[in-house]
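Order-wise, the sequence lines are chains R and G.
In terms of my numbering, the first sequence has 244 at position 244, counting the first letter as 1, and numbering is strictly consecutive.
In terms of my numbering, the second sequence has 1216 at position 216, counting the first letter as 1, and numbering is strictly consecutive.
Please read the structure below before turning to the comments.
There are 2 protein chains.
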Amino acid sequence: MIDIRPARRTEGVREYYFSLKNKEMARLNEERASRGEDRIINLGIGSPNGMPPAAAIGKLVSTAPLPGQHAYQSYTGSPELRGAFASWYARYYGVTLDPAVEIQPLVGSKEGILLASLAFLNAGDKVLIPDPGYPTYSSASRLVEAEIVTYDLKEENGWMPDFDALESADPDSVKMMWINYPNMPTGAKPTEELYRKTVEFALRHNILVINDNPYSFILNDKPLSILSFEGARECCLELNSLSKAHNMAGWRVGMIAGDSSLIAQVLKVKSQMDSGMFRPLQMAAVEALSAGPEWFAELNAEYRRRRDVVHAIYDALDLRYNPDSAGLFVWGGIPADHPLIKDYAAGKSLGERLSDRLLYDTGVFMAPGAVFGRNGSNYIRCSLCADVPTLEQALMKIKAL
Amino acid sequence: MIDIRPARRTEGVREYYFSLKNKEMARLNEERASRGEDRIINLGIGSPNGMPPAAAIGKLVSTAPLPGQHAYQSYTGSPELRGAFASWYARYYGVTLDPAVEIQPLVGSKEGILLASLAFLNAGDKVLIPDPGYPTYSSASRLVEAEIVTYDLKEENGWMPDFDALESADPDSVKMMWINYPNMPTGAKPTEELYRKTVEFALRHNILVINDNPYSFILNDKPLSILSFEGARECCLELNSLSKAHNMAGWRVGMIAGDSSLIAQVLKVKSQMDSGMFRPLQMAAVEALSAGPEWFAELNAEYRRRRDVVHAIYDALDLRYNPDSAGLFVWGGIPADHPLIKDYAAGKSLGERLSDRLLYDTGVFMAPGAVFGRNGSNYIRCSLCADVPTLEQALMKIKAL
C-alpha cells in the first residue's frame, strides 16, 4: 500500500458517537438473542418512524414511471419545489421569500451545514457553536479548519445564549454563528427576544448567523423563523427540512433560505458537489409541503402521547425535565447523587453513567448528554421516535430496575 | 447587509459554463418563439433521455408506500446495495470487492470527486488533472485549495497521458491524480497498457489515482476497471455510477470502491455531510445493477444509431473524429482553416467560434472543447443524448447552412 495520509482537516473529525454505539448495540443484541432476551429498545436517535403524507408518496409513485423524470436536474431545484418552500414559509412562518433566488433546495439540511461552512469559513476563521449542540456544526467546522469557539447554553438561562458573555468574548473577531431553535438536544423553544437579540448581536459584530430550524413543527404550536425578524435578512440564513416535520428523514429533502447574495455563494459550492434532486422526489416534496395544519395536529397528538410516557420514565428515574419542550427528544437533568449510578462507572459523566446503567441493566438506550458537549454532561436525552407501546415497555423495564 | 466575504476557496470557482449557456439559450428560445421559430436543439450536455430499467422503477414504486422505508438510512448504504455493487463489479469487470468495507455508495459519483478531495488533499497539495477533462476535478481541487497540475491529453497520443512527460514533471511531489476512461470529452477508450502504466506510475511515486469510470458501458464492448490491474488496490480508487449505464442520471446513485483504509477516509468526510440514501432508491438501484448484457446491448444499439447521425453531422461539417469512440459524446476536431468560421468571432478558440456559429445560425448547440481545458480549444463536443429524429433535424439544419 502506498503511503497516503488523509488530509489534516479530517484529523479532528471522529466517528460519530452513534455509529460506534450502534455497533456495540448490534453485538449486545446478538448476545441477548442467544440468551432468549428481547432486543434493546433504542431511544437514542431521532429518526421519525411515522409515515410521510400520503400525497407525497402518491406523487412519487405516479411520477417515477413517467418519461422525462430521469435526467439530471438543475442544481437550483425545480421552480415547483422552490415555490412550494416559499409558500410553506409564507403560510407557517409569515416570511416572504423570492423562490427564484432566496431558496436553495438541499439533500437534507445537514448538507447545508457543510456547504455553508465551505462557502463562508476560511481556515482559522472563528465560528460560534452552541454547547450543547448538534455535533455536525463542529465536525463541519473542523473539515474547513475553522476555529471553533463554543458558547454556553445553560439550564439556568433556559438554554438560551448568554449575550452578555458573548459580548465580552471578542465577538468582532467572529465570522459565523450557529444557532438551533427549537433547540436540540434541550428542546428549548425560541422566543421573540432570542431572535431579536441574536439579530442585533449579528448586525453589531458583522456575524453571519445560521439558524438550523428543522424542529419547529414538532411539539411547538408557534413555528418561528429567524428570517421574520427585523434586520435578519441582512445577516441570517436559515436551514429547514422535511425530515421531522413530514416524517421524511430518509428522503433527504431540505433547504437553505436567506439573502440572494448569500444563497448564491452556497449554490456555487453545491454546484461543484452534486446535481439536482431526483425529480419525482422534488414533486413529492411539493405535495408534502402543502400539508395543512391538520397534518401537524395529528403528528403532534402522537408525539404528545409519546412524550407523556417519556415523562413517566423520567419521573420513575427522578430526572428534571421541562414538561413543555419542543422537538423529537426530552432532555433530562440528572441529580449529582442519583442513586442508580452512585457507585457506577465513576469517572464518566453523569449522563454516560446513567445511559450505560440503563443500557446494560434494562436494555433501554438513551443518549448521554455529553455527546452534545460539555454542558450536556449531567443530562440524558430520550427520543420520541418510538411508538407508545415500545415506550411503555421501556417504562416497565426501568421501573423494574 | 453585513459584510460577509465568501471563503477564499470559492474564489477560483466559476459558475459552470453550461449554467451560463443555458441561461443564454433560454433567452434565445424566447426570441425564437416570438419569431415563430422552433426551439434550439441542445446537443451540449450528456444527460441520458432514455428510461431506466423497468425493474428499478417497479421496485421504487412498490417500496415507497411501505412503512419502514422513510427513516434515516446508514451512511454506509444498505448491505443489499453494497452487495449489488459488488456483484456488478464481479460480473462485468472481473473485480472482487468486499461489499462491507471496499464500497461506499454515493449521491452520484460527482459527490465522490469533492469527498475524495476533502479526504486526501491539504491546501497546497499537488493534484494531477487531465486537460481536457471534466471541469469538476479542478473545481473540487480549488475548493480544497490544492495546487492543480494539469497533464496533457493530445490527439496524437490517442488522448492517453504521456508518461514520459509526467515522469519529468516532479511526480514525487504529487499527491493525487485524476484519470477518466472511457474519457470525457474525447471518447478515448482505456487500454490495458494505460491502466498498467498508470498503476506503475502511481506506485513508483506514491500517488493516489482516482479513476472516474461512469462511461464504461456506453459504446464500449469491454468495460474495464483499473481495480482489476495488478497493484491497483495499493494506490487506486474508482468512481462509478448508474447515471449513464442505467439511464438514471437524475436518481443520484454512484459509488467509490477500493482499499478499505481509503474508503474509510471517504466515509469519514461523507458522514459529516449527509445521511444515507432514501431506502426505496437504494432498493431500486439494486434492481438496476442486476441488469444483464441484454440491457446494455439494447442501450448501445440506440446509441449506435444516434452516433451514426452525429458522424453524418461531422462529415457535413468536415470535422475529424474517431468513428469508434466510447461514451455519451462524439469529439470533433476542427481544421484551422474551417470555412464556416473563417471571419467569424476572431480571437476566440476554434471550438467556441464553431459552437457560436452553429448556435446562432442553425439553432443547434454543441459544446466548445475549451470548456474542458486548453487542449480542447480546437474541438467541439456533440452529445448523443437526443433521439435520432432530433439529431436528423440538426443534420438538416447544418446542411442547410
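For each residue, glycine too, the CB sits at the ideal point set by N, CA and C.
In this text the structure is predicted, and so the values were computed from the model without any measurement.
Within chain G, the residues placing a beta-carbon under 8 Å from that of lysine 110(R) are Met1273, Asp1274 and Ser1275, ordered along the chain. Lysine 222(R) counts as exposed, since fewer than 16 other C-beta atoms from the protein chains shown sit within 10 angstroms of its C-beta. Taking a C-beta distance under 7 Å as the contact criterion, aspartate 356(R) and alanine 345(R) qualify as a contact pair.
Serine 1047(G) reaches chain R at Ala71 and Tyr72, counting residues in chain order whose Cβ is nearer than 7 Å. Any Cβ of chain R closer than 7 Å to the Cβ of leucine 1060(G) would place that residue at the interface, and such an atom is present. Rounded to whole angstroms, the separation of the alpha carbons of glutamate 1080(G) and glutamate 1287(G) is 10 Å. One alpha carbon belongs to alanine 1119(G), the other to glycine 112(R), and they sit about 19 Å apart. If you keep only unbroken beta strand (DSSP E) runs of at least 3 residues inside the segment 1053–1122 of chain G, you get 1103–1106.
Looking at the DSSP output, alanine 1257(G) shares a beta bridge with Ile1103(G) and Glu1238(G). With a threshold of 7 Å between beta carbons, glutamine 1393(G) makes no contact with chain R.
With 16 or more neighbouring CB atoms inside 10 Å of its own CB, tyrosine 137(R) falls in the buried class.
In the DSSP assignment, aspartate 164(R) falls within the alpha helix (DSSP H) that extends over 163–167. Taking a Cβ-Cβ threshold of 7 Å, the residues of chain R close to serine 1139(G) are Gln272, in chain order. When secondary structure is reduced to three states using DSSP, methionine 176(R) falls in the strand class.
Taken through DSSP and simplified to helix, strand or coil, glutamate 352(R) comes out as helix. In the displayed model, asparagine 29(R) falls within a helix according to three-state DSSP. For methionine 255(R), the closest Cβ of chain G is not nearer than 7 Å.
For valine 149(R), the CB contacts under 8 Å within the same chain, skipping 5 residues up- and downstream, are Lys126, Val127, Leu128, Ile129, Ala169 and Val174 in chain order.
Contact between alanine 285(R) and alanine 84(R) holds: their C-beta atoms lie close to 7 Å from each other, under 8 Å. Listed in chain order, the positions of the segment 20–51 of chain R with a beta carbon within less than 9 Å of a beta carbon of chain G are Asn22, Ile45, Gly46, Ser47, Pro48, Asn49, Gly50 and Met51. For the segment 1197–1224 of chain G, the residues whose beta carbon sits under 8 Å from a beta carbon of chain R are, in order, Ala1202, Leu1203, Asn1206, Ile1207 and Leu1208. Per DSSP, the unbroken alpha helix (DSSP H) holding isoleucine 1313(G) starts and ends at 1293–1317. Cα atoms of cysteine 235(R) and alanine 116(R): separation of roughly 13 Å, rounded to the nearest angstrom.
Rounded to the nearest angstrom, the gap between the Cα atoms of arginine 1014(G) and lysine 268(R) is 8 Å. The shortest CA-to-CA distance from proline 190(R) to any of Thr76(R), Tyr215(R), Ile207(R) and Ala297(R) is the one to Tyr215(R).
Ranked by how close their Cα comes to the Cα of aspartate 1003(G), the residues Leu97(R), Lys244(R), Asp259(R) and Asp38(R) have Asp259(R) in first place. Nearest neighbour of glutamine 1282(G) by Cα position, chosen from Leu1317(G), Arg1305(G), Met1273(G) and Leu1242(G), turns out to be Leu1242(G). Of all residues in the segment 5–18 of chain R, only Arg5, Pro6, Ala7, Arg8, Arg9, Thr10, Val13, Arg14, Glu15 and Tyr16 come within less than 9 Å of chain G when Cβ atoms are compared, listed by chain position. In this model, valine 1330(G) and isoleucine 1045(G) are separated by some 11 Å (Cα to Cα). Taking C-alpha positions only, leucine 1358(G) is separated from asparagine 1049(G) by approximately 23 Å. In this chain, the beta strand (DSSP E) harbouring leucine 1208(G) covers 1208–1212. According to the DSSP assignment, proline 1280(G) belongs to no beta strand (DSSP E) but to the alpha helix (DSSP H) extending over 1279–1289.
Below the 9 Å Cβ cutoff, chain G contributes Met1001 and Ile1002 as neighbours of glutamate 234(R), in chain order. Alanine 1264(G) and tyrosine 1181(G) have their C-alpha atoms some 25 Å from each other.
Here DSSP, grouped into helix, strand and coil, assigns alanine 1264(G) to helix. Within 10 angstroms of the beta-carbon of aspartate 315(R) lie fewer than 16 other beta-carbons, which makes it exposed.
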